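A.B. asks:
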Amino acid sequence: MPASHLSAAVAPAADDRNINSSVPDSGRCHERTAEHLIRLHGSQSSSYFALQPDCRHFLSPGLGLVPYVPVKVLGQRVNVVPTSPLAGAQSMGRLLQAFEQSVPGPSLYVGVDQSLLGPLGELGYDATVMGTEFSVDLTRFSLRGKAMKQLRHARNLDRRCRIEVREQCGDEVNWHKVAGISERWRLGKAVKERELGLLTRPPVFADEWGVRKFYAYVEGELAGYVFFDPWYRHHELAGYCANILRASPEMNRLGVLDHIILQAASQFREEGVPELSLGIAPLHGVRHCPGDRPGLRRLQNILYRYGNRLYAFQPLAYHKSRYRGRETPWFVCARELGSTRLVATLMKGTGLLALP
Numbered sequence: 062m063p064a065s066h067l068s069a070a071v072a073p074a075a076d077d078r079n080i081n082s083s084v085p086d087s088g089r090c091h092e093r094t095a096e097h098l099i100r101l102h103g104s105q106s107s108s109y110f111a112l113q114p115d116c117r118h119f120l121s122p123g124l125g126l127v128p129y130v131p132v133k134v135l136g137q138r139v140n141v142v143p144t145s146p147l148a149g150a151q152s153m154g155r156l157l158q159a160f161e162q163s164v165p166g167p168s169l170y171v172g173v174d175q176s177l178l179g180p181l182g183e184l185g186y187d188a189t190v191m192g193t194e195f196s197v198d199l200t201r202f203s204l205r206g207k208a209m210k211q212l213r214h215a216r217n218l219d220r221r222c223r224i225e226v227r228e229q230c231g232d233e234v235n236w237h238k239v240a241g242i243s244e245r246w247r248l249g250k251a252v253k254e255r256e257l258g259l260l261t262r263p264p265v266f267a268d269e270w271g272v273r274k275f276y277a278y279v280e281g282e283l284a285g286y287v288f289f290d291p292w293y294r295h296h297e298l299a300g301y302c303a304n305i306l307r308a309s310p311e312m313n314r315l316g317v318l319d320h321i322i323l324q325a326a327s328q329f330r331e332e333g334v335p336e337l338s339l340g341i342a343p344l345h346g347v348r349h350c351p352g353d354r355p356g357l358r359r360l361q362n363i364l365y366r367y368g369n370r371l372y373a374f375q376p377l378a379y380h381k382s383r384y385r386g387r388e389t390p391w392f393v394c395a396r397e398l399g400s401t402r403l404v405a406t407l408m409k410g411t412g413l414l415a416l417p
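Just so we're aligned: the sequence shown equals residues 62 to 417 in our numbering.
1) Quick check: what's the CA-CA separation for His97 versus Val127?
2) Report all residues from its chain with a CB closer than 7 Å to the CB of Phe202; omit the five preceding and five following residues, and keep chain order.
3) Taking the runs of the beta strand (DSSP E) that are 3 residues or longer, which of them lie wholly in the region 137–178?
4) Taking 7 Å as the cut-off, is the CB of Val317 close to at least one heavy atom of the ligand FMN?
5) Could I get the ranges of all uninterrupted alpha helix (DSSP H) runs contained in the region 189–230, with 4 residues as the minimum, in chain order?
6) From Arg402 to Arg155, what distance separates their C-alpha atoms?
7) Indicate whether Ala373 and Ile321 have their beta-carbon atoms separated by less than 8 Å.
8) Is the separation between the beta-carbon of Arg262 and that of Gln113 shorter than 8 Å?
9) Could you pull out every unbroken beta strand (DSSP E) segment of at least 3 residues lying fully inside the region 304–370, listed in chain order?
10) Can you check DSSP and say which residues form a bridge with Glu388?
11) Smallest Cα separation from Tyr109: which of Gln375, Leu298, Val134?
12) In three-state terms, what does DSSP make of Glu282?
13) Rounded to a whole number of angstroms, what is the C-alpha to C-alpha distance between Phe392 and Pro376?
14) Exposed or buried, what is Val84 when buried is set at 16 or more other beta-carbons lying within 10 Å of its beta-carbon?
15) Which two residues bound the contiguous beta strand (DSSP E) that contains Tyr129?
16) Going by C-alpha to C-alpha distance, which of Ser338, Leu120, Leu181 sits closest to Glu92?
17) So, Arg385 versus Ala208, is the Cβ gap smaller than 8 Å?
18) In terms of residues, what are the limits of the beta strand (DSSP E) holding Leu120?
19) Rounded to the nearest angstrom, what separates Met408 and Ala342 at their Cα positions?
20) What is the rounded straight-line gap between the Cα of Ala72 and the Cα of Leu135?
21) Assign Cys302 to buried or exposed, taking buried as 16 or more other Cβ atoms, counted over all protein chains shown, within 10 Å of its Cβ.
22) Per DSSP, what kind of secondary structure is Val393 in: helix, strand or coil?
23) Would you say the region 353–369 touches the region 186–199, given that touching needs at least three Cβ pairs under 8 Å?
24) Could you tell me the alpha carbon to alpha carbon distance between Asp115 and Val130, rounded to whole angstroms?
25) Closest to Val347 by CA distance: which of Glu194, Arg138, Asn304 is it?
26) Have a look at Leu413, Leu360, His380 and flag the residue whose alpha-carbon is nearest the alpha-carbon of Gly399.
27) By a C-beta neighbour count over all protein chains shown, 10 Å radius and 16 as the cutoff for buried, is Leu147 buried or exposed?
This is the structure in structure tokens:
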């Protein structure tokens, strides 16, 4: 079944059997199909990354969906899976087998959580810690105590300037100004000419299902914004992930992004949302785990220590750590790739380096 016909693949009931095609397919899945599977199986805070523009979708009826980005480095294609596949625990092994058998080229799983290590291990994959996700239990989150002084300062930004945070839909937003702030934001980064991918989802300057978008205005002028991606457990909202954070340089120095996050977190808590993820800090907390690759572990630690001109690994981790939340390791899993090619694939796939 060609990918263009996948629009018929969702039925109302919340069950994988509603995907009524009889054969696997690889292409770009219809949005309704992807939404159904994310709501049913998207239990990782990065599950919405399956919808980033470069992702293809391997859909196996009755099993689930594997999002992947083909990345070619030095003539070899690698299928990079940027988040845990969308499948139930009982189906995951069979889905991974079908994906491996159907899609040409070696596969690389990045930014996946502990739940995927068993099924991948049965297929011969090793797992190495590649970073740390920071998340906050909103039912217990508090700004009390000496350690939260910086965040209290950011929360009280409205006492020092006329700032207002609004959650807005697309028809209420000046997208030209939103994109303008994004361009200015990127000019201050090591990679200025393109958006990064794989371990983040590039911004979409339009409405998106399930995504919450909060904007800060200072004296009526747009100063910054944060976009929050949802994740689910069996069709129940499990939390939001702060995926896109952008601000004008002058307001960023004043803590406007933390102010937006804290305002949004307060609203989410009032709504009964249980958790807020701050996303992954790549290469932070890389440590030994059974069966990992010592060489890859050492290389990642070197990049974390000395590669901050390439990407702000340490500042990003420090910013997330100030929320004093839960820290969870995420992994990179490989089988047929040497560590050097693995790193080169990730550098090109994320957009950090323009490799041939």
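The beta-carbon is built from N, C-alpha and C at its ideal position, and this holds for glycine as well. Since we're looking at a predicted model, the values are computed, not measured.
C.D. replies: If we stick to the structure as given:
1) 14 Å
2) Ala326
3) 137–142, 168–173
4) No copy of the ligand FMN occurs in the structure displayed, which carries no ligand at all.
5) 210–216
6) 27 Å
7) no
8) yes
9) Counting whole runs of 3 or more residues, the region 304–370 contains the beta strand (DSSP E) stretches 336–343.
10) Paired residue(s): Phe195.
11) Leu298
12) strand
13) 21 Å
14) Summary for Val84: the model assigns pLDDT 45, below 50, so the residue's position carries little reliability; its value from the coordinates is reported in the next sentence. Answer is exposed; the Cβ neighbour count stays below 16.
15) 125–134
16) Minimum Cα-Cα distance from Glu92 among the listed residues Ser338, Leu120, Leu181 corresponds to Leu120.
17) yes
18) 117–121
19) 15 Å
20) Any reading at Ala72 must be qualified, since the residue scores a pLDDT of 31, below 50, and its modelled position is unreliable; the value itself is stated next. Ala72 and Leu135 have their C-alpha atoms spaced approximately 43 Å apart.
21) buried
22) strand
23) Of all C-beta pairs linking the region 353–369 to the region 186–199, three or more are shorter than 8 Å, placing the two stretches in contact.
24) 6 Å
25) Glu194
26) Leu360
27) Leu147 is buried by the Cβ-count criterion.
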